[in-house]
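Participant: Quick note on numbering that gives the first Met the number 0: the sequence shown kicks off at 0 and runs consecutively. Glycine is no exception: its CB is placed at the ideal position from the N, C-alpha and C atoms.
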Amino acid sequence: MASKTCIFAHLNELNRKMQGRNSNILTSSDKIESFRAKLELWISLATNGNNEMFPNVIAADKERKVQALIVKHLKLLAEKMNFYLPKRDLQPMDWVRNPFSENIPFSHLPINEQEEQM
Numbered sequence: 000m001a002s003k004t005c006i007f008a009h010l011n012e013l014n015r016k017m018q019g020r021n022s023n024i025l026t027s028s029d030k031i032e033s034f035r036a037k038l039e040l041w042i043s044l045a046t047n048g049n050n051e052m053f054p055n056v057i058a059a060d061k062e063r064k065v066q067a068l069i070v071k072h073l074k075l076l077a078e079k080m081n082f083y084l085p086k087r088d089l090q091p092m093d094w095v096r097n098p099f100s101e102n103i104p105f106s107h108l109p110i111n112e113q114e115e116q117m
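(1) Excluding the five sequence neighbours on either side, which residues of its own chain have a C-beta within less than 8 angstroms of the C-beta of L38, listed in chain order?
(2) Given this structure, state the Cα-to-Cα distance separating I110 from N23, to the nearest angstrom.
(3) If you follow the alpha helix (DSSP H) that F34 is in, where does it begin and where does it stop?
(4) For L25, which residues of its own chain have a beta-carbon under 8 angstroms away from its beta-carbon, when the five flanking residues on both sides are left out?
(5) Indicate the three-state DSSP secondary structure (helix, strand or coil) for K121 in the structure shown.
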């Protein structure tokens with residue numbers, strides 16, 4: 000149970016970061032991708048017996064009896080995130096992040112809008 004409280008704390012933090020006035024699909028996608036990377040790191044660390052990212056687990060499970068269960072939960076969470084929040088190609092929207100970048104392809108835009116970018 001201690002591992003789930005830590006996982007939910009991390010999920011609640013992700014949820015909190017994705018809300019607010021300046022939140023949009025690009026910033027939210029970045030935060031989700033960052034969380035996916037963290038999940039992969041946590042799976043790797045937990046597989047090797049390291050539970051540093053979950054302080055409640057360290058305190059409750061001194062003998063590491065639930066290590067396999069933690070890894071299973073993390074893998075299931077990563078799988079469900081990929082199912083419910085699939086990765087999207089947001090590269091055509093990079094011009095929104097940095098409109099002054101020189102290497103942004105505008106080929107997906109209509110010709111009149113491509114001309115405006117020149």
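Facilitator: The structure says:
(1) Correct list, in chain order: L73, L76, A77 and M80.
(2) Each residue's alpha carbon lies about 27 angstroms from the other.
(3) It spans I24 to T46 - the alpha helix (DSSP H) in which F34 sits, taken as one unbroken run.
(4) Result list for L25: L89, M92, V95 and R96, in chain order.
(5) Within the shown structure, residues of the chain are numbered from 0 to 117, placing residue 121 beyond reach of any answer.
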